[in-house]
Structure formats: structure tokens, C-alpha cells
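Trainee: If you scroll down you'll find the structure; I have some questions about it.
Residue numbers (the numbering used here): 15 to 1052.
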């Protein structure tokens, strides 16, 4: 068959129409379960295989990284189907990912000198940066005075308003000059920034305007972009620089936008600007599933696009009207619910049709609505029903259709969905009592876990906090969580004691004296930092502790100028005896996972830069206030056995589907949310309120935003759907759902459901795919348990003072290889080379976020000397060859469905397609191979992986690889050649396959390979590692 026939095979007429459309701009209205991901993936393959579009000219924007991974696998699958035998089916430079990820990537490509040092500041680290600069840099105390709100609410208000300026494309800031390259002058520089956006002239608006301009400047100083700023930053660049826009349009001609109903204005403007009058667009979405209005998304933008394309000669609108996911009864229920949602523009709610002939309704009790007197009884009933649907000991599950007839469902086919995760732990505890494995997505609230409260209290006590602050009537405040979980006053010492007691009751191995030792440790740490009253700790006092490294640190002389919060956390874990919790048991895994997620939050404290003792106290206060309201666990697909029930918020499962769904807690003030119609308070006044209207960010009288969220919840179910609530009061949604369920033939208020269950042998539906990087695979190869700590549990290593040195070297080398002949021309004069490199350093290419003063100057000087030496050593090569620095890639290991990403430091274009792949090691620098832990075998494997990617993804023919040791004075040791022949590449590929298999089998309990004791002694996690090799490296006392 021809590619066009292959790509249209098996599709419904409307799907074929979308895949093969000849129109320049296409909108696909894709209802729930309509196969939109498949249509998008085939459309991309159609562009590449049928229309001959270069893969590198295509970008596909997804809403989440998870959706991007699925899209990559699907696109590769369909490109593979139409790729001639003997050719590699690759993405070939295509971008598939989130819009904010795309923005940072393009900024780095268009303005590498300016943006290549920039990192994305995530949601946990951002409050830490604001806390760090709250008074001196940002002047947020002025906004706090104007609002009359406490500090943490002022930060929330400020960041929300700042994000809205970005999300609506309104932020314009005048900076005094290029950002300084060191931190000494950043405060004065930031204070000169001015907000050009007119947000009003009143005291509140002026206070916000000053802080917003300074915050933007502060991000630039620290070389950060947060999610909202990254998008508006690219929009500003493309608007003011026609050459940059033309360059982007010349290489990016075809764009796919998923979840178009959830675009915010700045994303919409970016897409329109990129596509322009000549680019091609495929936008896909469903207005019934627009669930992010509260954070700036505007479904009206989709309605406008629909109206525009219906009227345009080069436009087309295709509606996918068949639901292949759900049974007819569930489809009918979803249609009936969609009819309760108000219309948006010209977007109606045409009914979906059942599209899967195999997915019949087996019994009317498989769609039911049930109410209970209490949440505990509701949760217990759900656990019992899941045990009925999946009989694990018998190896059978409730019937579900499959291509070969039928199968029994597994735990992984079941989900409990809630509107808010505030009380999600009730359902988890019910499943635990029933012996049903479960995993949270985007929950539970991390600060509702006793083990997290234990170390939160330890930090609070160490920095001298007497009490946790927060509104006592707010269920999400930390005092409220403490009372609900531990039943004690919100005071650090009381919390520490109560948390220890709770962990004892849960059966966690905890020494009898652990509580007293932790109280002593936190007192001594506070005195060492000068944050608690009393003299510095004496060696005798420190000697009463068990963790040797903590004893050694406490016994040091002199005041502490800099604190490493992650190191303190690791020492407290060691003192608590956390290694005994790392025992591989289900309870131990859960506790260690939550502590790993807390480690990620501690990393956020460190991310903005140097932390002084005074900074630490403010950061811990901010962490307690932000974390209690916002900190949730990330997905951990590798943590639990692959067969586990999902517990999640509705927002977290957008795009997913389950054979059985329990939509729980549909109670009054929960669903719809009692806060849905609350208008945001914004520090704006005047005309800007017409463009950023607080009323548009809140729900309407019909609760349409909440109704769309309910539609998403209902349409996650394939065959079994149960809607439950508890308490005496009934939510308006519950009453409406009950009526509609009855109308479509389901069951209402009957607890002996489901009935008529046919059990078949349980079979998993989908294989587990893995997206990883070479760095992550190396962690596993060196020590599977190290990988487990880092990549499964989420523990972060301590940040070294030297962190950033290697990156600075690479930034300078990128500039050298971008214009090699210029640098070759300077090589005859060593002084001129050094001067030119030092100028790059002054322009900020060697920015050191975590080091100041003399150590920073020494590192910059050393880096400049190393790069100057490189230029003079390889001048003959720079004079005649061309390079591609930092070439990113992703390559697929098909048999294990593993997608490995990475970046080649340097591709030397010897005689294209013949190339040499070069990897740099910074010699005796602080981030050398000794520090990173890579031995020569691993470095050779790394080069071989680059060779695989260069052949398959980059379409090169690498003949050899080179490992170059920068700063090495011995000419014989400066360079190591690595063969990249077929045998070497095949061996590397087999190593990757076997490593991926072991990861997917979750073989994490093994210790390090090779010199175990040497590696254990240098391990970041040696103080709380359960396996015996780690215990031998701690050096503590029993």
C-alpha cells in the first residue's frame, strides 16, 4: 500500500477527513474518546510521508509532558509504518512537547548568548526566590502593607497577578542595561527596572508595578524564566525582532496544537504569530473539556478560531463525533450532562455516538449513583467494590472487551477520582485496609503525611520557629493539617513528638530515643546557625548524636556563612534512622517516597542561589506556608507494582481512561466547588481590567466551568462508572447526575451494585513505556538503588558550591565552536585569546548561581584559562572545520519501548555525513568525571549511545568518538578515542536494552557495581540507604 492508504487505514470517515485535509488551517473538535491522539499522530506522519514536509519543520504542542511522551511514541509508530525498509523511522528534529518547553528551546536557539544560561524556575522553587528577595530586592513589603494581607497571601496575590500579565501578553518591563554577571550588584540593578504596562496609578497598583518589574529583573539576574515568563518572553522577542520571527517561520512551517480549548491569550498569540499567513495549523480540542479558566485559559479563543476557519477559504472544521472509549450508557450520560453546559460562541454540544461495537452495556448496575452517611463509609464501600471487580488472589477481574474477545480487568484499570485532593487520604487508607495497592496522581497533599510533618517540624525547630502560622479555619493551612493528622498544637516540638508517635503506631521502625535525639539535633543545629538561643554546641553535646557527619559539622569552629539545606535534611534523615525505613516493604516505600518528594521541595529552597542562616529561616517559613497549600506528590510510575488503583483529582487524569471509575466525594461545596464563583482580587485598576477581567476567571451562575470538569470525570470511564457522595446535604451536581443516570437506565441509591459481573482471567491492557535519559540510565548502571533514590523517590543530592562550573565551561565552548575561524585567528596571541574569553565571562556566560566572592572569581578565572588553552591546542582544527555544538537527540529502543534523550556536546563535521562525536570532561575542575562518577567504561557507553542517535536520529555516519579532557596538561591524556563501529554500537544498544528491562522490572534493591565501598562512601544518600553497602558507608554509631 501507498503511505496515504496506510495512514487512512482503519479510520472512520471524519477521522480520515482530518488526517488528509488539504486546507492550510484545520480545527478538529474532538469529543472525549474520539481518538484525537491517533488522528494528530497520523496527521503529522501524513505531512512527512505524503506531503514531503521536513520533520524538523513540524512542531506538536501538548498540554503536559505525559501527553508529549505518548504523542512521540504514536508519531514514531506511524512514521515507521510508512518508512521504506532499511531506513530509520525517527522524529528527525521534530519538536513534540509543551509550549513553555518550546519557548525556552527557541529562545536559546535564537539568542544563545543571552538565554543559554537560563533555567526554568519550577513551581516549588519560585516561592523560594520570591522569599529570598521579598524585602530588599522586590519590595513586596509595600504590597503587603497596601493589601493588609499576611505575607504568604501577599506572595500568592503577587505571583497570580504577575502570571496573568504574562498569560494575557501584557507584561512589558524596561531594564536599565544587560543583567550583571555577579550577584553583588543585582539588588541595585533590579530596583532600576520599570513596569511599562499600565496597571493603574493607585497605591496598591503602584506597589505591585514596582514589585513586578523587579521580579522580572530578578529572574533575568539569576538566569531564570518561570513558566509564564518563558512564553511572554518569546512573544516579545518575535514581536520586536522581525529577523528572529522570519528565522523561526522559515524552519517551522507546520504546527499541531493539542487541547486548544485550554490555551491562554499569550499562547494563542504565539501560535498565530508562528503560523502567520503561510504556515500550516492543526488545532485539536473539545470545548466541553475546557477546565483551566481559573488560571487564564480562554475557551472563547477556540470559539473564535472555529468561526474564523468556517468562513475562510483556507480553513476547515472537522467534528469527530464517535466515542470509542465508553459504553453506550456512559456515552448517553455524558451527552445528557453536556447539554447542561452553556454554549460558547458558535460551539454547540452535538451528541457523541458510541463508536466501539465491542463495548456493550452488560448490566444496568454498572452505571450507578450511591450516597452514604459518612465519607469513611463511602470509602469503605468503594474499597469493597474494587475488591469485587478485581479478585487478585484468584487472578480474575470483571469482564472488559478486548480485540480477541474479552479479558478480566486489573487494579490498573480502576480509578478513584475526586474534585479536590484535600481528603483523598481517606480513600487511600480504605484501600490499604483492604489490601488493595494504589498510587496517587497529583496528590495527596504532602503536608498531611506524618513523616513529612516530622521533618518539617525538625527544620522549623532548627531555625527557631515557635509556632506554625496559618488561618485556623482554612483546612489547607498547616495548623489545620497538623490538627487533622496529628491532633496536636501547631508548635514544632509538639508536632515532632506527635509525628514520631504516629509513625510508631503505623509500625515504622523508629528507635525509642529517636524523638529525643531529633530534638537535641535540631536544638544544636539552631545554635550552630545562630538561630536559636544558646552557645555554639560543644563536642560533648554533639557526641550524644548518632550521625557522625552531623556530629562533625556541629563540632566545627567559627560562624556559619552559608547553609546547605539539602545537606541538613540528609543529616536529619540519618539521625532519625531513615535507613531502616528503606527496607523494600510497601509501608517503607510509601514513607520514603513522601520524604523524597519533601527533598524535592528542599531543593526548591536551594535553587535560587546561596542560602545564609537568615535566608534559611525565611525560606522554611515560606515553605511551610506554600507547601501546606500546594505541595503534592508527583506521579511515580516506577514506585509501585504496575498493577495498582489510581487515586487522583479530575484535573490530573485529563487525557486518561479507565475501565472502572469511582467518582467520589460529589458533595455540597465540593463538587461544584464552593469557591468556583469567587472572583480573584487583583492589584489592577483602570483599562487593564477590561482586558484581564476577574469575572472571566471565575465560574458563571450555571457553574459551566465546574460542569466541564464533571464532563471530563464522567468520560474517563470505559465500562463501569459509580458516582458517590456522603453526608446529609446533596450537591446540586449529585442531584442532577442521579436524575440523568436514571434517565439513561442506570441505578440510583442502590448499594448492592455492581451486579451481573462476569470474571475472566486478569490481563494488563497496555505495556509500560519508559522515557528516560542517558544520565538516568548511568545512575542505574552505577547503582540501581541510587537510581531508585533519585528518579523514583525524588531525593535530590546536595548542591555543591562548585555547581555550575562545568556548565560555564560548556557555554564558553559553545561560543567558540559557533565561530571557530574567529577563534583560530586569535590563537597566535595567547593574551588575545584569554581577553576574548574573559569578555564572554563578563557577558554572563559563566554565571555561577551558587558561589560568590573569591571562590567564584577563582572558578571563572580557571574556566577562562581552560577554554583559552583549548582554543590554542585545537586551533588547527578550529581553522578548517565546522561544528554543531550541544546537539540534542531522542532515540527509541523499540523492543523495550524506551525513549532515551540526551545531547552530544559537539558534533564535528569532518566530511558530512561523516562526523566525529566529541564529549568534554572538565579535567580537574569541580565537575570532572571523578565528581560525576562516570568511569571510562561508562564514558565509552555514553559516546556509543551518541553514535546510535547520530546514525538514526541525526542522519550522520559517525566514524569515531572523542573524549576530551579539558585542562589536562599531559598531551597523551588530553584525548581518548572511542570506536563507533557496528560491533561497538550493537554492544551499547544491548546494554541499554538490558538496563531498560531491569528498570521496568523494578530491580532497585541492588547496590553499586564495581568498587562498591568507594562509591558508597561518595554517595549523596549514604546516610539513609537501606542496602548493606550503604550502611557500611555511613560511619554512624549503633
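Note that beta-carbon positions come from the ideal geometry of N, C-alpha and C, so glycine has one too.
Source: prediction; values computed, not measured.
Cutting at 6 angstroms between CB atoms, please list the residues of its own chain near residue 345, excluding the five before and the five after it.
Mentor: 337, 366 and 368
Trainee: In the DSSP assignment, find the beta strand (DSSP E) that holds residue 671 and state where it starts and stops.
Mentor: It is not in any beta strand (DSSP E) - residue 671 carries neither H nor E in the DSSP assignment.
Trainee: Which of the three DSSP states is assigned to residue 422 in this structure?
Mentor: strand
Trainee: Give me the Cβ distance between residue 623 and residue 236, rounded to the nearest whole Å; I'm assuming they're in contact under 8 angstroms.
Mentor: Their Cβ separation, rounded to whole angstroms, is 6 angstroms, which keeps residue 623 and residue 236 in contact under 8 angstroms.
Trainee: Can you name, in chain order, every residue of its own chain whose Cβ lies under 7 angstroms from the Cβ of residue 968, other than the five neighbours on each side?
Mentor: The beta carbon of residue 968 lies closer than 7 angstroms to those of 901 and 903 in the same chain, with the five residues before and after it left out.
Trainee: When you compare only the Cα positions, how much space is there between residue 153 and residue 200?
Mentor: 14 angstroms
Trainee: Please report how far the alpha carbon of residue 657 lies from the alpha carbon of residue 582, in whole angstroms.
Mentor: 36 angstroms
Trainee: Exposed or buried, what is residue 571 when buried is set at 16 or more other beta-carbons lying within 10 Å of its beta-carbon?
Mentor: exposed
Trainee: Using the Cβ count rule (16 or more neighbours within 10 Å means buried), how would you classify residue 286?
Mentor: exposed
Trainee: Please list, in chain order, all residues of the same chain as residue 720 whose beta carbon is under 8 angstroms from its beta carbon, the five residues on each side excluded.
Mentor: 685, 686, 687, 690, 713 and 747
Trainee: Alpha carbon to alpha carbon, how far is residue 512 from residue 2? Give it in angstroms, no decimals.
Mentor: Given that the chain is displayed from residue 15 to residue 1052, the structure contains no residue 2 and the question cannot be resolved.
Trainee: Buried or exposed: where does residue 232 fall if 16 or more other Cβ atoms within 10 Å of its Cβ makes it buried?
Mentor: buried
Trainee: Please report the straight-line C-alpha distance between residue 280 and residue 315, rounded to a whole angstrom.
Mentor: 11 angstroms
Trainee: For residue 241, which of 197, 223 and 179 has the nearest alpha-carbon?
Mentor: 179
Trainee: So who's on the other strand from residue 739, going by DSSP bridges?
Mentor: 385
Trainee: In chain order, which beta strand (DSSP E) runs of at least 3 residues are fully inside the stretch 323-390?
Mentor: 329-334 and 381-386
Trainee: Contact check, residue 793 vs residue 936 under 8 angstroms by CB: the rounded distance?
Mentor: Wrong, their Cβ atoms sit about 20 angstroms apart, outside the cutoff.
Trainee: Assuming residue 383 contacts residue 918 under a Cβ cut-off of 8 angstroms, what Cβ separation, rounded to an integer in Å, is found between them?
Mentor: That pair is no contact at about 57 angstroms.
Trainee: Taking only runs of the beta strand (DSSP E) that begin and end inside the stretch 575-637, which ones reach a length of at least 3 residues, in chain order?
Mentor: none
Trainee: My assumption, with CB atoms under 8 angstroms, is that residue 826 sits in contact with residue 914. Please give the rounded CB distance.
Mentor: For a cut-off of 8 angstroms, the C-beta gap from residue 826 to residue 914 is around 28 angstroms, too long to register as a contact.
Trainee: Go ahead and label residue 984 buried or exposed: buried means 16 or more other beta carbons lie within 10 angstroms of its beta carbon, across all protein chains shown.
Mentor: exposed
Trainee: For residue 521, is the classification buried or exposed, using 16 other Cβ atoms within 10 angstroms of its Cβ as the cut-off for buried?
Mentor: exposed
Trainee: Do you know how far the Cα of residue 50 is from the Cα of residue 730?
Mentor: When the Cα atoms are used, residue 730 and residue 50 turn out to be separated by approximately 14 angstroms.
Trainee: How long is the line joining the alpha carbons of residue 566 and residue 589, rounded to whole angstroms?
Mentor: Residue 566 and residue 589 have their alpha carbons spaced roughly 13 angstroms apart.
Trainee: Count the other C-beta atoms from every protein chain shown that fall within 10 angstroms of the C-beta of residue 609, then say buried if there are 16 or more, exposed otherwise.
Mentor: buried
Trainee: So within the stretch 74-143, which uninterrupted beta strand (DSSP E) runs reach at least 3 residues, ignoring any that extend past its ends?
Mentor: 109-112 and 133-135
Trainee: Going by beta-carbon coordinates alone, are residue 889 and residue 841 separated by less than 8 angstroms?
Mentor: yes
Trainee: Taking only three categories from DSSP, how would you classify residue 968?
Mentor: coil
Trainee: Within its chain, find whatever has a CB closer than 6 angstroms to the CB of residue 870; leave out the 5 residues flanking it on each side and keep chain order.
Mentor: Excluding residues up to 5 positions away in sequence, 862 lie with their Cβ nearer than 6 angstroms to the Cβ of residue 870 in the same chain.
Trainee: Evaluate residue 147 with the Cβ neighbour count: other Cβ atoms within 10 Å of its Cβ, from every protein chain shown; 16 or more gives buried, anything less gives exposed.
Mentor: The residue is buried, with at least 16 neighbouring Cβ atoms inside 10 Å.
Trainee: Can you give the beta carbon distance from residue 599 to residue 809, rounded, assuming they're within the 8 angstroms contact cut?
Mentor: Not quite, the Cβ-Cβ distance comes to about 18 angstroms (not below 8 angstroms), so this is no contact.
Trainee: From what residue to what residue does the alpha helix (DSSP H) around residue 246 run?
Mentor: 241-254
Trainee: Can you grab the Cα-Cα spacing for the pair residue 980 / residue 828, in whole Å?
Mentor: 14 angstroms
Trainee: Among 642, 891 and 1010, which one has its Cα closest to the Cα of residue 908?
Mentor: 1010
Trainee: Near residue 974, what residues of its chain come up, given a Cβ to Cβ distance below 7 angstroms and the 5 sequence neighbours on each side ignored?
Mentor: 930, 991, 992, 993 and 994
Trainee: State the beta-bridge partners of residue 930 as determined by DSSP.
Mentor: 922 and 974
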